[in-house]
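In what follows, a single structure is set out as structure tokens and then discussed.
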């Protein structure tokens, strides 16, 4: 699920804003439109309030104006939201910032397909249909350990060089062009490699083989955090409670893979901002879907009467783990929804992915409550 801010400046832009907002909502995401002449606020005010808690910004207007507005907010490719620009006639959709990790390229393709527009994609790996390390990481719930090496991987592939791919986890699908799935006895070792696996499993020997500067390392997130809270809880309050629980339970926050909750919290700004701080996705489920979770949970009659489910934090964490491991749904390329080719890059379309279906999971931290917040943690267990 994404929180997408849409900003328009003219009457025609307002009409396009409405079309895009309706489409975004139909995809199951949260659309927050700022229309010309209605609820419009100064662009800088919107950016100040929304930059740290939103997944993407779509501006309907001139790219030059957009670049000037966002310049002072840009921090880091792992943290910045995606920024896109579209024209008011809906002819073109252009990803400007965070095209890969932030999902800008995928969103541009998605919006263009829904509106009948042309996505303007200029990223080398996308244009050539090659493996993009940061896209692969995001689509497979992986954390980048040494991001500076991602540029080396992309540059090598664009030069036509081979890159080795090592994974302590099972993979599925066709291996992308330029990548060699290791170990293979008949293949010559490349100079660069991608390594995927749970934290601290089997990397030392590979570092010795390739050299630490020639490896791009991805780690699997171990934990899904389920959260319930009273309306209006701030990101600072949520983060403080999460940190308290993590310290007590010896959980490394860097190994958190996602946050989950009930759909009544789909627009809870504090949870959105917390997910952005942790650089993890935020997903929600209906009360009916949560009640289908079969694992034993801490039940509350009051919560059931109020929200339609007897537990939010434990059930939502379980529900997302079920989706990722395919216990209930076929794992798609990101959100547990069926993948559509216009939402993904050519390299992703080949279907190469980490097989999360091989993972098991368990409740690592049962429901914790305090300060109007409930929290639970589900942990993935790999054989």
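Residue numbers (this note's numbering): 65 to 447.
Even for Gly, the Cβ is constructed at its ideal location relative to N, Cα and C.
For residue 216, the uninterrupted alpha helix (DSSP H) run begins and ends at 212-222, by DSSP.
The beta carbon of residue 243 sits closer than 7 Å to those of 195, 227, 229, all from its chain and outside the five residues before and after it, given in chain order.
At a Cβ-Cβ threshold of 7 Å, residue 368 and residue 348 do not count as neighbours. In the DSSP assignment, residue 134 falls within the unbroken alpha helix (DSSP H) covering 127-134.
Here residue 342 has 317, 320, 323 as same chain residues with Cβ atoms under 8 Å from its own Cβ, once five neighbours each way along the sequence are excluded. For residue 220, the closest of 136, 206, 254, 108 by C-alpha to C-alpha distance is 254. Secondary structure at residue 377: helix, using DSSP grouped into helix, strand and coil. Sequence-distant Cβ neighbours of residue 189 in its own chain, meaning closer than 6 Å and more than five residues away, are 196, 218. By the neighbour-count criterion, in which a residue is buried when 16 or more other Cβ atoms sit within 10 angstroms of its Cβ, residue 327 is buried. Residue 432: member of the beta strand (DSSP E) spanning 424-434, first to last residue. Closest in C-alpha terms to residue 201, from the list 225, 126, 283, comes 283.
Bounds of the alpha helix (DSSP H) holding residue 200 are 197-203. Bridge pairing for residue 327: absent [DSSP].
Taking a cut-off of 8 Å on C-beta distances, the region 161-169 touches the region 106-125, as three or more cross pairs fall below it. For the pair residue 256 and residue 192, the Cα-to-Cα distance works out to about 19 Å. Considered as a whole, the region 262-303 harbours 279-284, 287-293 as its complete beta strand (DSSP E) runs of no fewer than 3 residues, in chain order. A straight-line Cα-Cα distance of about 13 Å links residue 359 and residue 424.
By the Cβ rule, the region 75-92 counts as touching the region 151-160, because three or more pairs are nearer than 8 Å. For residue 170, the enclosing alpha helix (DSSP H) stretches over residues 168-179.
Relative to the Cα of residue 416, the nearest Cα in the group 203, 332, 236, 303 belongs to 236. Apart from the 5 residues on each side of it in sequence, residue 279 sits with its Cβ closer than 7 Å to the Cβ of 213, 257, 259, 270, 271 in its chain, given in chain order. Across the structure, residue 354 and residue 293 are spaced so that their CA atoms are roughly 16 Å apart. Shown here, residue 310 sits in a helix according to DSSP, grouped into three states.
A check of alpha carbon separations from residue 427 across 142, 216, 386, 129 identifies 386 as the nearest. Between the alpha carbons of residue 146 and residue 160 lies a distance of about 8 Å. Residue 445 sits away from residue 429, with the two beta carbons spaced by 7 Å or more. Your pair residue 184 and residue 157 checks out as a contact, with CB atoms roughly 7 Å apart and the cut at 8 Å. Counted as a single uninterrupted DSSP element, the stretch harbouring residue 108 is not any beta strand (DSSP E) but the alpha helix (DSSP H) occupying residues 107-114. In this structure residue 291 is not in contact with residue 179, their Cβ atoms being roughly 34 Å apart against a cut-off of 8 Å. Less than 7 Å separates the beta-carbon of residue 198 from that of residue 164. In the structure shown, residue 353 falls within a helical segment according to DSSP collapsed to helix, strand and coil. For residue 350, the closest of 373, 339, 94, 433 by C-alpha to C-alpha distance is 373. Within the region 77-105, the runs of beta strand (DSSP E) at least 3 residues long that lie entirely inside it are, in chain order, 94-98. According to DSSP, residue 149 shares a beta bridge with 123, 158.
By the neighbour-count definition (other C-beta atoms within 10 Å, threshold 16), residue 276 is an exposed residue.
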